[in-house]
Amino acid sequence: MESCKEYLLQLIPQCLSAAYATLGTHPFARLDVLIVPSNFSSLGMASPHIIFLSQSVLPGGSHLCGTRLCHEIAHAWFGLAIGARDWTEEWISEGFATFLEDIFWARAQQLSHDEIKGQQELKALLRWHRLRDEVQNSEEELQVLRPKKESTGELSESGASVVKYGLKAEKIFMQVHYLKGYFLLRSLARTIGEVSFLASLQKFVIKFHGQLILSQVLCLGLSLTFWKNKQPKLLDWLPKSSLLVLLPDQLVLLLESLLEEKTLCPRILQYLERTYQLREQDAEVRHRWCELVIKHKYEPGYRDIERFLREDQVICQKLGCIHVFLLWSPKHCSLRKLPRVGVFNTT
Ligand SMILES: [Zn+2]
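Structure follows, in structure tokens:
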């Protein structure tokens, strides 16, 4: 009771303010904090209107209590307002909550830039030790973040989905989903800069509020923000990440969103083409690629338009764009006056 008064009551507003400053308004109308006995099955748990905190986090100063509280607060966004569509994708909630726990906690303590860096490095080192030990001492198949791979999120005819390894007793004690997810997000944040990364997350939580998502959706959302923000550092990192492999429909969505951009420099278009191997994609994807090429007068892509017109006339006609593409010519681009290519109906 004394520890609650001494630490917890002061920490709650500080940690919540730090979370709001990072991700925006709290996703739920009410929040209670319930202290549970130390034999509770975990140190903390989040549900939409209640955070359960174990008595075990209270003694010994504010550090353990504060970090746990920040972790559970982060679940309001990742785990509750936005959830994993398939429980084999729990890294989406635990990876984010672990990553955001450090961000919230540093802001709640109002640390200086150097102090934040030092604290985050120390945490990363401790987590690295824990991850290394677990990887060395657990079954390899349990360490995979997406054990169902391509069939993740698939439902049977009855509407049920199977949780792979859900009955393995040791699975619930493993931290690998927390830690690998955390290191992935830390690496992304370091690549593009923490401020830009957190700004992207703020947009992401608004866009996907109330949805159950898969890793691909997460990657699509992040890719969109990164491409739109023209993050040069990320462009070097992207092609190496198998997590950012997009399905054809996701690529179409990505390219359509990029078509709304007023400017995209040739380097971005070059990286975009190389990253997603756009010339090897299906006609729907290449159609959007051609639109981007025309809109931004990207000369290395002109031969892709010629090929598209030659080989994919049916798609052209179906999309009502043949008229517009035929107006186009590399030498005198008659599309200059047209606001957007490919949306004009010729009938
Ligand atoms: Zn958690």
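When you line the sequence shown up against this note's numbering, it's residues 5 to 351, in that order. Glycine included, each C-beta is placed from N, C-alpha and C at the ideal position.
### Message
Bridge partners for methionine 49 per DSSP, in chain order?
### Response
Beta-bridge partners of methionine 49 (DSSP): Phe56.
### Backbone secondary structure at glycine 87 - three-state DSSP
Note: glycine 87 maps to strand in three-state DSSP.
### Task
Quickly, what does DSSP pair phenylalanine 82 with across the bridge? List them, please.
According to DSSP, phenylalanine 82 bridges with Ile86.
### Task
Count the other C-beta atoms from every protein chain shown that fall within 10 angstroms of the C-beta of arginine 292, then say buried if there are 16 or more, exposed otherwise.
Counting the other Cβ atoms within 10 Å of the Cβ of arginine 292 gives 16 or more, which makes it buried.
#### Entry: Exposure label - arginine 278; buried when at least 16 CB within 10 Å
By the 10 Å Cβ count, arginine 278 comes out exposed.
### Query
Among Cys223, His133 and Asp316, which has the Cα closest to the Cα of aspartate 286?
Comparing Cα-Cα distances from aspartate 286 to each of Cys223, His133 and Asp316, the minimum goes to Asp316.
#### Entry: Backbone secondary structure at leucine 38 - three-state DSSP
In the structure shown, leucine 38 sits in a strand (DSSP, three-state: E or B).
#### Entry: Cβ-Cβ distance between lysine 175 and tyrosine 169 below 8 Å
Less than 8 Å divides the Cβ of lysine 175 from the Cβ of tyrosine 169.
### Message
Any heavy atom of ligand 1 inside 7 Å of the beta-carbon of alanine 110?
### Response
For ligand 1, not one heavy atom lies less than 7 Å from the Cβ of alanine 110.
### Message
As a quick check of your reading: which residues have a C-beta less than 6 Å from at least one non-hydrogen atom of ligand 1, in chain order?
### Response
Checking every Cβ against the heavy atoms of ligand 1 under 6 Å gives His75, His79, Glu98 and Ala101.
### Task
Please report how far the alpha carbon of tyrosine 186 lies from the alpha carbon of tyrosine 280, in whole angstroms.
Straight through space, the alpha carbons of tyrosine 280 and tyrosine 186 are spaced by roughly 25 Å.
#### Entry: Buried versus exposed, by CB contacts within 10 Å (16 or more), isoleucine 86
When all chains shown are included, isoleucine 86 counts as buried.
### Query
Grouping DSSP H, G and I as helix and E and B as strand, with all else coil, what is glutamine 149?
Correcting the residue type first, residue 149 is leucine in the shown sequence and not glutamine. It is coil, neither helix nor strand.
### Task
For my contact list, leucine 27 and glutamine 206 are in at a C-beta cut-off of 8 Å; report their separation, rounded to the angstrom.
Between leucine 27 and glutamine 206 the beta-carbon gap is near 6 Å, inside 8 Å, which marks them as a contact.
### Query
Going by the beta-carbon positions, is the gap between threonine 156 and leucine 218 smaller than 8 Å?
Result yes, Cβ atoms of threonine 156 and leucine 218 sit closer than 8 Å.
### Task
Using the Cα positions of leucine 189 and arginine 314, report the straight-line distance between them to the nearest angstrom.
The straight-line gap from Cα to Cα measures roughly 43 Å.
### Query
Nearest to leucine 151 by CA position, among Trp81, Asp90 and Ser142, is which residue?
For clarity, residue 151 is proline in the given sequence; the question names leucine instead. With respect to the C-alpha of proline 151, the residue from Trp81, Asp90 and Ser142 having the closest C-alpha is Asp90.
### Query
leucine 1 and isoleucine 39 look like a contact to me (Cβ under 8 Å); what is the Cβ gap, rounded to whole Å?
Because the chain spans 5 through 351 in this model, residue 1 falls outside it and cannot be assessed.
### Task
Return the bridge partner residues of isoleucine 217 from the DSSP annotation.
For isoleucine 217, DSSP records a beta bridge to Ala88.
### Query
When you compare each of Asp106, Arg131, Leu130 and Trp132 to isoleucine 120 by their alpha carbons, which one comes out closest?
Comparing Cα positions, the closest option is Asp106.
### Query
Does the beta-carbon of phenylalanine 201 have 16 or more other beta-carbons within 10 angstroms, so that it is buried, or is it exposed?
Around the beta-carbon of phenylalanine 201, 16 or more other beta-carbon atoms lie within 10 Å, marking it buried.
### Query
When you compare only the Cα positions, how much space is there between leucine 282 and leucine 222?
Distance between the alpha carbons of leucine 282 and leucine 222: 21 Å.
### Message
Considering just the uninterrupted stretch of the alpha helix (DSSP H) at leucine 27, what are its terminal residues?
### Response
Counting along the chain, the alpha helix (DSSP H) containing leucine 27 begins and ends at 13–27.
### Query
Quick one: is valine 199 buried, meaning 16 or more other Cβ sit within 10 Å of its Cβ, or exposed?
Around the Cβ of valine 199, a 10 Å sphere holds fewer than 16 other Cβ atoms; the residue is exposed.
#### Entry: Residue from Gly70, Ile54 and Ala23 whose Cα sits closest to the Cα of glutamate 10
Checked all of Gly70, Ile54 and Ala23; the closest Cα to glutamate 10 is Gly70.
### Task
Find out if the Cβ-Cβ distance for the pair leucine 263, lysine 299 is shorter than 8 Å.
Here leucine 263 is near lysine 299, since their CB atoms are less than 8 Å apart.
#### Entry: Rounded distance between the beta-carbons of serine 97 and phenylalanine 82, thought under 8 Å
Yes, phenylalanine 82 and serine 97 are in contact; Cβ-Cβ is about 5 Å, under 8 Å.
### Query
Do you know whose CA, among Glu265, Leu15, Gly99 and Ser162, lies nearest histidine 79's CA?
Comparing alpha carbon positions, the residue from Glu265, Leu15, Gly99 and Ser162 closest to histidine 79 is Gly99.
#### Entry: Under the three-state DSSP convention, the category phenylalanine 44 falls into
In this structure, phenylalanine 44 counts as coil in the three-state DSSP scheme.
### Task
Locate the alpha helix (DSSP H) running through tyrosine 182, then write down its first and last residues.
Where tyrosine 182 is concerned, the enclosing alpha helix (DSSP H) stretches over 180–196.
### Query
How many Å lie between leucine 84 and methionine 49 at the Cα?
Here the C-alpha atom of leucine 84 lies approximately 11 Å from the C-alpha atom of methionine 49.
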